[in-house]
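Each remark here refers to the structure printed beneath this line.
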Amino acid sequence: MTRLPRRLFHLYKNRRFHLRGTCPVCGRYSAFICKDPQSLRGDLFCFFCRSSSRNRHIAKILAQSILPGAKSIKEAVKDSGVRIYNTNACGSIHRALADSGYYLCSEYLPEIPFGTIDERGIWSEDLQNLSFGSDNFDYIITEDVLEHVRDYRKAFTEIKRVLKSGGKHVFTLPLNICKNTARRVDISRGNDIHVLPPVYHEDPLNDEGALVYTDFGRDMLDELEGMKMPTQIRFSEYEDKFSGIFNSMVLISTKQ
Ligand SMILES: [Zn+2]
């Protein structure tokens with residue numbers, strides 16, 4: 084089966100999973116198309132902006148935090164003056180915010196010196212040692228990034244440092260609240276020593292995938308509380324099907 088017939092086949096086969104509603108990323112009334120019913124969190128793609136369920140959950144929470152009642156992040160951010168730093172320089176949220184005046188984005192690009200900006204306007208940044216000044220941003224977005232950072236504690240410390248007082252870190256990561264946090268890799272020496280079998284997640288910038296350093300558990304929330312970054316968990320609700328959000332969890336830490 085070639086590409087178009089395969090797409091049409093999936094469109095038909097998954098028809099009972101498709102949703103319709105207003106997209107909190109692009110703000111348009113849209114269809115949310117299911118490609119894989121087994122992973123709806125990263126699926127249900129907006130017909131217009133290609134946002135996934137996870138993207139829309141982040142966008143909805145961000146929009147409501149900036150401007151309660153806003154239909155989308157585009158509407159919320161416009162004229163708000165909020166400074167947003169996104170640790171992702173691709174995807175639907177990036178595209179929706181890219182033209183905002185106070186928006187910065189970065190990627191982990193070790194081939195480019197950290198703290199420099201490339202011709203596309205993307206910063207090369209290491210979350211464990213950010214080049215930005217302290218008390219700089221109102222919001223920082225990390226989407227399924229922190230499990231891939233070698234030393235997640237350094238990353239949380241840096242995120243707190245560059246947030247303004249009262250600023251928020253809006254993020255997703257795989258979190259198992261029935262377990263405690265486990266490091267999959269021993270980083271106490273210079274080199275990485277795998278203490279659990281290596282696991283890689285899909286990475287648009289790397290064909291080999293991104294190594295998972297940490298399996299986060301419930302004690303991560305206590306750690307953040309101890310850092311004066313109290314954190315709330317927002318689960319998607321039944322009503323959120325009208326924003327095409329399903330089986331999603333977003334965390335929000337606030338700098339005290
Ligand atoms: Zn959309």
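Mapping of the sequence shown onto our numbering: position 58 corresponds to residue 141, and the numbering continues sequentially without gaps. Quick reminder that beta carbons are idealized off the backbone N, C-alpha and C, glycines included. Just so it is clear, the structure is predicted and the values come from calculations on it, not from any experiment.
Ligand 1 and residue 108: does any heavy atom of the ligand fall closer than 6 Å to the residue's C-beta?
yes
Could you give the DSSP three-state label for residue 167: helix, strand or coil?
strand
Hey, could you find the ends of the beta strand (DSSP E) residue 289 is sitting in?
289-294
Per DSSP, residue 235 forms a beta bridge with which residues?
None; residue 235 has no bridge partner.
Could you name each continuous beta strand (DSSP E) segment of 3 residues or more that falls completely within the stretch 262-292, going from the start of the chain to the end?
283-286
Residue 339 - containing beta strand (DSSP E), residue span
Element bounds for residue 339: n/a, residue is neither H nor E.
Within its chain, find whatever has a CB closer than 8 Å to the CB of residue 165; leave out the 5 residues flanking it on each side and keep chain order.
149, 185, 221, 222
Kindly indicate the opening and closing residues of the alpha helix (DSSP H) around residue 179.
175-180
Could you give the distance in angstroms between the alpha-carbon of residue 313 and the alpha-carbon of residue 338?
7 Å
May I have the straight-line CA-CA distance separating residue 110 from residue 318, to the nearest angstrom?
21 Å
Below 8 Å on the Cβ atoms is my contact criterion, and I expect residue 179 with residue 228 to pass it. Report the Cβ-Cβ distance as a whole number of Å.
That belief does not hold up - the Cβ atoms of residue 179 and residue 228 are roughly 18 Å apart, past 8 Å.
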